[in-house]
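In the numbering used here, the protein residues as written are 20 to 375.
Reading through the structure tokens given below for one structure.
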Amino acid sequence: MQYKTTLLAAALLCLWNCHAPKQDTAAGLIERLSATARSGQFLYGHQDDLVYGHSWKVEADGDEYTRSDVRSVCGAYPAVVGFDLGGIELGAEKNLDGVPFAWIREAALAHHARGGVVTFSWHPRNPVTGGDAWDVSDTTVVRSLLEGGACREQFHQWLGRAAAFLKSLDGIPVVLRPWHEHMGSWFWWGRKLCSREEYVALFRETCAFMQEAGVQNLVWAYSPNSDVTQPEYMDRYPGDDCVDILGLDHYEGTYVPEPDTYYVEVLRRDLAWLAPLAAEHRKVLALTETGYEGIPNPRWWTDCLLAGVADYPVAYVLTWRNAHDRPGHFYAPFPGSADADNFLTFYNNEHTVFLP
Ligand code: BMA
């Protein structure tokens with residue numbers, strides 16, 4: 020009996036392994052994300068979760084990256100953790116939020132080893148003005164990076180530094196989400212700052228560069244900001260050959276009279292045309308950035324986020340960061356935060372996937 024049970028267990032394990040997607044490749048990660056969405060679930064993600072949180076940060080080399088605001092509240096890590104590459108282009112030791120790239124690398128590897136998914140955004144400096152990613156004072160920046168442009172060499176140097184960092188990740192598959200929220204005009208690559216052709220070239224050249232540099236296992240996300248029409252979303256689409264994820268960045272904010280209603284309505288309206296579009300293009304659908312700064316609504320997790328995504332085949336959602344040095348700048352719960360109970364309901368919901 021004992022022997023039979025063991026055999027059965029071994030057979031089941033083999034079956035599971037044979038069918039389990041190989042998560043160590045880009046294709047395996049894409050399949051894992053698709054399978055999650057097909058099953059009616061989504062992975063929960065949090066930016067910078069393992070390197071700092073509300074009023075704490077990793078302090079020293081050798082940290083094991085076990086601390087997490089999300090885990091402190093629900094007992095499980097987010098399944099997706101995001102990091103930002105801003106500053107890598109300058110060869111800086113720390114990113115734009117003061118996190119050493121060496122620690123980002125270690126945290127990303129630790130998260131992958133636990134079975135988690137890693138994603139990178141990038142807020143590079145403005146190569147023309149020397150300002151930050153939000154410096155929109157010059158409308159020639161993207162053009163200057165392209166063939167014949169004055170910053171062409173610098174662009175390649177910047178991409179080279181990003182490629183070197185990504186190559187240092189031991190080949191683990193990661194989602195790269197460059198040139199995001201470009202249907203707005205708050206970054207130097209935004210809608211009013213470059214032409215359609217320039218944006219598409221910027222994105223495509225970034226993909227081609229990474230490929231030529233031999234960066235393995237990148238999963239590419241295209242993530243315009245929300246509240247756009249399908250034609251607007253597709254107008255600057257770089258092409259099926261360099262995109263794996265159709266993403267959306269959608270935030271709640273008090274710039275409208277009824278922010279909760281507006282958040283859910285706009286999200287559902289956008290996902291209603293994005294879901295069939297993703298299916299048609301055979302791409303993964305994801306809410307690549309979201310949140311409500313300071314989470315003013317203690318029922319936000321169920322009444323807004325879950326209400327917005329539950330009916331659509333979204334593979335993951337990524338809430339933005341809990342700053343350690345700005346008490347009101349948080350997008351996920353922490354021990355004692357007003358939304359913590361509601362987050363537990365969200366955690367226990369059948370739709371959400373975390374990492375034990
Ligand atoms: C923004 C804010 C900034 C931060 C940037 C990149 O949304 O959180 O404080 O520097 O993202 O992480």
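Glycine residues also receive a C-beta, built at the ideal position from the N, C-alpha and C atoms.
Going by DSSP, what residue range makes up the beta strand (DSSP E) through residue i?
i, result
"residue 266", "264 to 271"
"residue 196", "193 to 196"
"residue 120", "Where residue 120 is concerned, there is no enclosing beta strand (DSSP E), although the alpha helix (DSSP H) it sits in stretches over 120 to 132."
"residue 241", "237 to 241"
"residue 371", "371 to 374"
Figure out for me which residue from the options has the closest Cα to the Cα of residue i.
i, options, result
"residue 233", "373, 241, 188 and 218", "188"
"residue 318", "363, 193, 335 and 290", "363"
"residue 117", "105, 150, 213 and 239", "105"
"residue 195", "108, 111, 371 and 225", "225"
"residue 293", "325, 260, 330 and 63", "330"
"residue 374", "135, 53, 110 and 243", "135"
"residue 381", "45, 128, 146 and 184", "Past the edges of the chain, shown from 20 to 375, lies residue 381, and the structure says nothing about it."
"residue 369", "132, 325, 276 and 342", "325"
"residue 342", "107, 360, 46 and 67", "67"
"residue 237", "149, 286, 227 and 147", "227"
"residue 182", "218, 235 and 148", "235"
"residue 247", "286, 212, 262 and 260", "286"
Looking at the secondary structure, which residues open and close the alpha helix (DSSP H) in which residue i lies?
i, result
"residue 280", "278 to 299"
"residue 63", "Segment 61 to 66 is the beta strand (DSSP E) holding residue 63; no alpha helix (DSSP H) there."
"residue 364", "359 to 367"
"residue 252", "249 to 254"
"residue 351", "Premise fails: residue 351 is in no alpha helix (DSSP H) and is neither H nor E."
"residue 53", "45 to 57"
Does residue i get closer than 8 Å to chain B when you measure Cβ to Cβ?
i, result
"residue 213", "In the structure shown, chain B does not exist; there is a single protein chain."
Checklist line | Runs of alpha helix (DSSP H) wholly within the stretch 140 to 223 (minimum 4 residues, chain order) | finding: 160 to 164 and 171 to 186
Margin query: Which complete beta strand (DSSP E) runs does the stretch 306 to 341 hold, if anything under 3 residues is left out?
Written below: 333 to 338
Note to self: If we require 3 or more residues per run, which beta strand (DSSP E) segments fall completely within the stretch 69 to 114?
What the structure shows: 99 to 103
Next item on the list: Would you check if there are 3 or more beta carbon pairs closer than 8 Å linking the stretch 126 to 141 to the stretch 191 to 207?
Entry: yes
Notebook entry, point to check: At a cut of 8 Å, does the stretch 119 to 133 reach the stretch 156 to 170 through at least three beta carbon pairs?
Noted result: Not touching, per the Cβ criterion.
Margin query: Does the structure place the stretch 260 to 267 close enough to the stretch 300 to 311 that three or more beta carbon pairs sit under 8 Å?
Written below: yes
Next item on the list: Specify whether the stretch 53 to 66 and the stretch 322 to 338 touch according to this definition: at least 3 beta carbon pairs, one from each stretch, less than 8 Å apart.
Entry: yes
Notebook entry, point to check: Do the stretch 70 to 77 and the stretch 46 to 60 touch if we need at least three Cβ pairs shorter than 8 Å?
Noted result: With the cut-off at 8 Å, the stretch 70 to 77 and the stretch 46 to 60 do not touch.
Next item on the list: Please confirm if the stretch 214 to 228 is in contact with the stretch 272 to 283, defined as three or more CB-CB distances below 8 Å between the two stretches.
Entry: No: fewer than three Cβ pairs fall under 8 Å.
Margin query: Is it the case that the stretch 92 to 100 contacts the stretch 146 to 153, given that we only count it when at least three CB pairs across the two stretches are under 8 Å?
Written below: no
Next item on the list: State whether the stretch 279 to 298 contacts the stretch 83 to 92, with contact taken as three or more CB pairs (one from each stretch) at a distance under 8 Å.
Entry: no
Check: If we count Cβ pairs, one from each stretch, closer than 8 Å, do we get three or more for the stretch 307 to 315 versus the stretch 41 to 54?
Finding: no
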